[in-house]
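Working notes for the structure below.
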Amino acid sequence: MDVKTIKNNVDIVDVVSEYVELKKTGNHYRGRCPFPDHEDREPSFTVYQDTQSYCCYGCESKGDVIDFISQIKGCSFKEALEFLSGDNQTTKQGEHTNSEVRNNNVDDRKCHPRLAAFNNLPPEVKDASWNDILNSVRAEREAELEPDEFKRWEETSDKPKQTPIKPLWETAKDFLTTKIIEPEYLVSELLPVGVLGYLAGEPKTYKTFLGLDLAIAVAGGDTFIGDYECPKPRSVLFVSEEDTPKSLQERTNKIIAWKGLKAEDLKLSFLVKKGIRLDDRTGRNKLWLAIFEQQVELVVLDPLYLFHGFDENSATEMGNVISILQSLIRNNYPSLSIIVVHHFGKPSMIARRAGQRMRGSSVLHASSEVALYTKPLGSDKIGLEIEGKNLVNSDFIIQFDSDSFGLEVISKGNQKRQLTESTIREVLEELADANLRVLAEKLGFSKETVMKRLKKMKAIRKQRRKLPRGGWEYVYSVAAKGLFEGQENNE
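Right, here's the structure in full:
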């Protein structure tokens, strides 16, 4: 029987159902991935009856019924054809015949040893650990074979090797006495490593600017919105499918200048309009390759709706998108964090939390570990709400400078923050002199904000001082005469 005839007569749903517990959702079926290299905690294995195909959005396995048998049996394409063309196949009319022939049609010795052993076990032991599985196989062989044959079987190279496996569970004593390692942060007290988060809000609330500010701050070891320190520079990838390269270039250059950084010192990369798609293997591979080659620790995806073709209101389909991103973090890059830029839905008369206003299915809000929500306040001002697990939730009012593209916090919570000349003078008189970093920390504002204020002040002296270990730094002090601009005394 040729390939076309097999595909026309064999229903992939019936075949896959013998290995996976499928649940019908809409016009397709979902279940947990059956392949041994993928620990599928959230059902991400989808079977499409109309196209007679399958796709796992976690491990990226996909194909037709022949590919499925080849992968699940660990056999060749030819052997999968032989298996499906036998008299035992399940037809589209739902006819089932001798399952024993099916199980034995492909020689176990030609299959992946563990997979072949696992498939031949009774259902009651399939959920056991690998050690239990291998012990069951051993017991079966010992009962079937003569002592000499069993001894030879144990000595064969293709016999499954028993390996020690740590139980998944822990006793209360072990769990409560285990030393928990504190999470490492890309942005202090805001963005831990290894999380999936969102930057969402209404249109025209500077979401892309905030995403760029975050990317540049992390890549340069600077501050995000002037309030959150980035402990050290990290490799960052900014992926945009919306803005033109020219627009993104202009915005990035201005923000870098606002922060007083240099482009060559940033560990920052871009993918702009490169056709990155999470629902397409080729599109995903472009993203995966960039992450691998640059050893990326933060990815910003802007905006979500251009990275997939799924129905945003479908919990199942958006669950696939989330599963793809989460599996990338958990299974491949545990130190990677992903921030997704997304939009709010239309305003509702019902008062809801900001996260519940994200457009589409509520699974997006449920999957969020860190979230930043924006809202318009008028006059180039936005409100920023920060929400996250194990974080102190905060509200900010941020002023956007349309000339420099800088973002400056002007109030936090109910406390208005103002940086006055008298405050700066008091701190400088107390310190005698101070460099920009020390002065900013003492005042509680970003270096960019303090620098802007210093340049407008009179009677401030800027001097260059030699460092003990070599090199120079600028320090500031109160002067009886003179202006900040143009005064620079070398020592």
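Taken in order, the sequence shown gives residues 530 to 1020; the numbers are from the numbering used here. Cβ atoms here follow ideal geometry from the backbone N, Cα and C, with glycine treated the same way. Owing to the predicted nature of the structure, the values given are computational and were not obtained by experimental measurement.
Residue i versus residue j - alpha carbon distance
{"i": "residue 969", "j": "residue 576", "result": "57 Å"}
{"i": "residue 900", "j": "residue 727", "result": "5 Å"}
{"i": "residue 587", "j": "residue 871", "result": "22 Å"}
{"i": "residue 853", "j": "residue 780", "result": "30 Å"}
{"i": "residue 794", "j": "residue 850", "result": "33 Å"}
{"i": "residue 816", "j": "residue 826", "result": "13 Å"}
{"i": "residue 544", "j": "residue 733", "result": "50 Å"}
{"i": "residue 902", "j": "residue 989", "result": "39 Å"}
{"i": "residue 554", "j": "residue 895", "result": "20 Å"}
{"i": "residue 739", "j": "residue 746", "result": "10 Å"}
{"i": "residue 938", "j": "residue 859", "result": "34 Å"}
{"i": "residue 904", "j": "residue 814", "result": "34 Å"}
{"i": "residue 698", "j": "residue 551", "result": "27 Å"}
{"i": "residue 932", "j": "residue 906", "result": "19 Å"}
{"i": "residue 736", "j": "residue 730", "result": "7 Å"}
{"i": "residue 828", "j": "residue 714", "result": "15 Å"}
{"i": "residue 706", "j": "residue 573", "result": "34 Å"}
{"i": "residue 803", "j": "residue 583", "result": "26 Å"}
{"i": "residue 999", "j": "residue 982", "result": "29 Å"}
As assigned by DSSP and simplified to three states, the class of residue i
{"i": "residue 928", "result": "strand"}
{"i": "residue 989", "result": "strand"}
{"i": "residue 554", "result": "strand"}
{"i": "residue 549", "result": "coil"}
{"i": "residue 884", "result": "helix"}
{"i": "residue 891", "result": "coil"}
{"i": "residue 816", "result": "helix"}
{"i": "residue 875", "result": "coil"}
{"i": "residue 580", "result": "coil"}
{"i": "residue 671", "result": "helix"}
Start-to-end residues for the beta strand (DSSP E) that takes in residue i
{"i": "residue 559", "result": "557-560"}
{"i": "residue 831", "result": "827-831"}
{"i": "residue 725", "result": "725-730"}
{"i": "residue 906", "result": "899-907"}
{"i": "residue 611", "result": "Note, residue 611: premise wrong, no beta strand (DSSP E); alpha helix (DSSP H) at 606-614."}
{"i": "residue 916", "result": "910-917"}
{"i": "residue 564", "result": "Residue 564 -> no beta strand (DSSP E), and no H or E assigned at all."}
{"i": "residue 575", "result": "574-577"}
{"i": "residue 588", "result": "Note, residue 588: premise wrong, no beta strand (DSSP E); not H, not E."}
Assumed close pair residue i, residue j - CB separation to whole angstroms, cut-off 8 Å
{"i": "residue 841", "j": "residue 888", "result": "6 Å"}
{"i": "residue 723", "j": "residue 865", "result": "7 Å"}
{"i": "residue 589", "j": "residue 806", "result": "So it is not a contact: roughly 13 Å between Cβ atoms."}
{"i": "residue 557", "j": "residue 585", "result": "Wrong, their Cβ atoms sit about 13 Å apart, outside the cutoff."}
{"i": "residue 977", "j": "residue 838", "result": "So it is not a contact: roughly 40 Å between Cβ atoms."}
{"i": "residue 915", "j": "residue 610", "result": "No, residue 915 and residue 610 are not in contact; Cβ-Cβ is about 56 Å, not under 8 Å."}
{"i": "residue 1004", "j": "residue 964", "result": "5 Å"}
The alpha helix (DSSP H) enclosing residue i, as first and last residue numbers
{"i": "residue 950", "result": "950-960"}
{"i": "residue 976", "result": "976-984"}
{"i": "residue 539", "result": "Careful: residue 539 lies outside any alpha helix (DSSP H) and carries neither H nor E."}
{"i": "residue 971", "result": "965-972"}
{"i": "residue 807", "result": "Here residue 807 belongs to no alpha helix (DSSP H), and DSSP marks it neither H nor E."}
{"i": "residue 941", "result": "No alpha helix (DSSP H) contains residue 941, which is instead part of the beta strand (DSSP E) from 936-941."}
{"i": "residue 602", "result": "594-602"}
Chain D contact for residue i (CB, 9 Å cutoff)
{"i": "residue 841", "result": "No chain D is present in this structure, which holds just one protein chain."}
Legend entry - Inside the segment 733-805 only - beta strand (DSSP E) runs reaching at least 3 residues: Listed in chain order, they are 765-769, 797-801.
Inset, instruction - Within the segment 696-726, note down every full beta strand (DSSP E) run reaching 3 residues or more, in order along the chain. - result: The DSSP assignment places 714-716 as complete runs of the beta strand (DSSP E) inside the segment 696-726, in order along the chain (cut-off: 3 residues).
Inset, instruction - Scan the segment 821-865 and note each continuous beta strand (DSSP E) run of 3 residues or more that stays entirely inside, going in chain order. - result: Fully enclosed beta strand (DSSP E) runs of 3 or longer: 827-831.
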